[in-house]
DNA sequence: GATGAAACTTAGCATTTCTATT
DNA sequence: AATAGAAATGCTAAGTTTCATC
């Protein structure tokens, strides 16, 4: 609103937005009712746009660009209780866009009547274009698609760093346990924080300003975010975490900890009140500085990658039964993936259609069971008929029916596995960990060992993204 | 040490596309 | 061929990390 409008409108709850809402509902309804031809036409248009703007040439190789469309104007929502919710996100004009391109490359033309803010040739960064967004004043970048060589190499590097941590994690753990009894408060706090980051896969948690939603990570935990329970459900020294993390997703967990950790936390909280930092002597910068001294490339987030991938490997070996069929094995894989998602607190809201699709699935299962019952009955009948005759045709029919029963039973098993998987996955998101935390070489090696086609666990895009790991499938890789 | 710019990864949800079923 | 439901993809916000400057 303008300042004039703000004088008139002071309480949004007194505004009636029904007309606006109806307008957009109508728009979306209209779009839904487009004819097949119109939809085809739109699809073609989009393909043309992708062809023209969706690729770039990097070191002579054609690469897919990730986000080549400028973000359109609109109302900023933000996640959680965001102080800037509802602000107008302005349209970006070419005059606000910087182009980063090879020295000798042809610079794309700005839209007619406009100029780019600047054209640079910085080959030390990966972005192709950038602009400053008006809500937070932060930079937005046009970068390459995850399937690109550049991103793939970066991804591989990330997992190599995590693998390196494996060799020194024992020492690091020993060190931070020592720090729990240090004379210096700073070191005690660092020791406990690092223990949380390692054990619970918490994010680093840097300080944020008042202009963003109030969320925290490990280093920014405050007094009110934990509660100490000397006893809780027959366990001792339990820490209750309750805070909003990235994207305002709630982290709520009861964790039994070592006595020394428990006592230290009591110490850190002494004399403090809600609003005070739990780790007042610790910042992400100092923590990362310390970590980088322990191992080249080590930062707080490496622990998340490391523990996620280790959990996957560990759970895969525990859950996979070599004698089971492919569907059962895929369920085991998903369960291992799920263990990681739970560790990393990757939640999702229950899909709107969850109950309905669950019911549908149950109906299918019931139908299948009925079909099996009937087929079995027919098998039985045929069996008695076959016994009393020498009819080859009848015998063939009998064998065929038996095969059908087997097929139906396989289908039933698959449905039941799907239902179990779906139910267990109701409020858990697997995608994030699969895409960002799990070393694909573990997955690929598991597929090979257990004769599960890679397609069962990675879709097309994922296979493209992890092409570098799939290529290594010939070698037996152990994390 | 504090602060902010810069560049990159990670995140959940809405929309779009695909697939199976009728 | 139409349609519903599932799966894939797009979108862009929200993190982490590093580096420069005071």
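Residue numbers (this note's numbering): 13 to 491.
Where a beta carbon is used, it is the ideal one built from N, C-alpha and C, also for glycine.
According to the Cβ coordinates, are residue i and residue j closer than 9 Å?
| i | j | result |
| --- | --- | --- |
| residue 193 | residue 200 | yes |
| residue 274 | residue 244 | no |
| residue 550 | residue 108 | With the chain covering only 13 through 491, there is no way to say anything about residue 550. |
| residue 446 | residue 306 | no |
| residue 479 | residue 78 | no |
| residue 88 | residue 66 | no |
| residue 475 | residue 171 | no |
| residue 113 | residue 120 | yes |
| residue 129 | residue 106 | yes |
| residue 229 | residue 258 | yes |
| residue 348 | residue 373 | no |
| residue 377 | residue 431 | yes |
| residue 85 | residue 60 | no |
| residue 281 | residue 238 | yes |
| residue 222 | residue 295 | no |
| residue 340 | residue 429 | yes |
| residue 409 | residue 420 | no |
| residue 316 | residue 449 | yes |
| residue 127 | residue 142 | no |
| residue 346 | residue 482 | no |
| residue 368 | residue 387 | no |
| residue 310 | residue 468 | no |
| residue 477 | residue 28 | no |
| residue 276 | residue 204 | yes |
| residue 464 | residue 485 | no |
| residue 299 | residue 433 | no |
| residue 122 | residue 209 | no |
Check for me: the alpha helix (DSSP H) holding residue i runs from which residue to which?
| i | result |
| --- | --- |
| residue 418 | 404-436 |
| residue 466 | That residue, residue 466, is in no alpha helix (DSSP H); it is neither H nor E in DSSP. |
| residue 245 | Looking at the DSSP string, residue 245 is not in any alpha helix (DSSP H), and its letter there is neither H nor E. |
| residue 208 | 197-212 |
| residue 372 | 366-399 |
| residue 168 | 161-191 |
| residue 276 | 271-281 |
| residue 30 | 30-44 |
| residue 15 | 15-20 |
| residue 472 | 472-477 |
From the options, pick the residue whose C-alpha is nearest to that of residue i; which is it?
| i | options | result |
| --- | --- | --- |
| residue 337 | 292, 210, 241, 426 | 426 |
| residue 97 | 387, 239, 466, 147 | 147 |
| residue 286 | 298, 263, 255 | 255 |
| residue 135 | 104, 70, 100, 189 | 70 |
| residue 236 | 242, 398, 407, 278 | 278 |
| residue 406 | 418, 367, 390 | 390 |
| residue 247 | 370, 268, 261, 483 | 268 |
| residue 328 | 461, 26, 314 | 461 |
| residue 319 | 260, 341, 345, 181 | 181 |
| residue 435 | 366, 410, 473, 380 | 366 |
| residue 423 | 392, 400, 457, 383 | 383 |
| residue 92 | 442, 168, 225 | 225 |
| residue 178 | 455, 45, 308 | 308 |
| residue 115 | 466, 95, 140, 404 | 140 |
| residue 440 | 311, 359, 22 | 359 |
| residue 95 | 260, 155, 55, 342 | 260 |
| residue 262 | 357, 39, 42 | 357 |
| residue 117 | 242, 72, 50 | 72 |
| residue 437 | 362, 417, 16 | 362 |
| residue 380 | 397, 418, 411 | 418 |
| residue 169 | 451, 404, 470, 415 | 451 |
Ends of the beta strand (DSSP E) at residue i?
| i | result |
| --- | --- |
| residue 141 | 141-144 |
| residue 67 | 67-70 |
| residue 110 | 110-112 |
| residue 449 | That residue, residue 449, is in no beta strand (DSSP E); it is neither H nor E in DSSP. |
| residue 358 | From DSSP, residue 358 is part of no beta strand (DSSP E); its letter is neither H nor E. |
| residue 152 | 151-154 |
| residue 131 | 130-132 |
| residue 267 | 262-268 |
| request: Tell me, please, whether the stretch 151-164 touches the stretch 292-307 by the rule of three or more beta-carbon pairs shorter than 8 Å. | output: Between the stretch 151-164 and the stretch 292-307 there are fewer than three inter-stretch CB-CB distances shorter than 8 Å, so the stretches are not counted as touching.
| message | Tell me whether the stretch 281-293 and the stretch 218-235 touch, counting them as touching only if at least three CB pairs, one residue from each stretch, are closer than 8 Å. | response | Touching, per the Cβ criterion.
| What runs of the alpha helix (DSSP H), each 4 residues or longer, lie entirely inside the stretch 46-95? | Taken in chain order, the complete alpha helix (DSSP H) segments of 4 residues or longer contained in the stretch 46-95 are 48-65.
| How about the stretch 202-217 and the stretch 312-332: do they share at least three Cβ pairs that are nearer than 8 Å? | Counting C-beta pairs closer than 8 Å gives three or more between the stretch 202-217 and the stretch 312-332, which meets the contact rule.
| field | Uninterrupted alpha helix (DSSP H) stretches inside the stretch 295-323 (no shorter than 4 residues) | value | Those alpha helix (DSSP H) runs which fall completely within the stretch 295-323 and span 4+ residues are 296-306.
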